[in-house]
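Heads up: the sequence shown begins at 77 in the working numbering, then just goes up one per residue. Have a look at the structure below before the remarks.
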Amino acid sequence: LVNIENKWYHLDTTFDDPVPDKAGRATYSYFNMSDEQLSKDHEWDRSKYPAATTSYFGELTNKIKAGSSKTVVYEQMLKETNLQYLSAEYGAENYNEFKQKLQQQFAAKPEKVEVRYKQSMDGTMQDIKKVLNEINWPKGAKRVSYQVAPYSALAGYSLATITFTY
């Protein structure tokens with residue numbers, strides 16, 4: 077547990093270590109989590125530790141909304157920890173929302189699109205293939221690649237990443 081500004085958070089630096097280790101790879105899946113978030117795959121005697129009841133995502137987004145000289149730092153922290161994907165703008169709860177989010181983002185001719193999707197990794201992979209056959213790619217895109225990773229900050233979600241080459 078760590079205490080930041082009088083709020084407790086869980087920090088597990090080893091739980092999702094890659095095996096084998098990959099040079100240059102850092103993950104933040106278990107960074108500043110609440111009891112509720114950590115309890116999805118951890119067990120502990122709660123009576124022996126202070127309660128961690130605060131959402132770090134909520135804390136950072138509140139600081140960003142309040143505005144300060146550190147706003148850019150808080151925004152970067154959201155990105156580096158992948159907590160930004162908890163924001164509604166990145167989320168899709170079903171296939172129609174997933175398709176709509178991708179279609180909206182494709183209009184801006186992005187190099188990379190990322191969406192948090194309420195689906196298993198296999199289901200997300202299948203749905204990416206389906207969407208890419210149903211909607212227009214960004215204008216000028218010649219190639220597309222995609223990958224799916226579990227999104228451990230929110231149980232039951234995957235993170236879909238689609239990359240275009242122009």
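For each residue, glycine too, the CB sits at the ideal point set by N, CA and C.
For residue 169, which residues in the same chain have their Cβ closer than 6 Å to its Cβ, ignoring the five residues on either side in sequence?
194
From 111, 116, 131, 134, residue whose alpha carbon lies closest to that of residue 123
111
Cα-Cα, which of 85, 176, 161, 163 is closest to residue 132?
85
What is the DSSP secondary structure of residue 239, counted as helix, strand or coil?
strand
Kindly indicate which three-state DSSP category residue 80 falls into: helix, strand or coil?
strand
Starting from residue 223, trace the beta strand (DSSP E) both ways and give me its first and last residue.
219 to 226
Along the alpha helix (DSSP H) that carries residue 175, what are the first and last residues, could you check?
171 to 182
Could you give the DSSP three-state label for residue 161: helix, strand or coil?
helix
Figure out for me which residue from 115, 109, 187 has the closest Cα to the Cα of residue 130.
109
By the 10 Å Cβ neighbour count, where 16 or more other Cβ atoms means buried, how is residue 125 classified, buried or exposed?
The residue is exposed, with fewer than 16 neighbouring Cβ atoms inside 10 Å.
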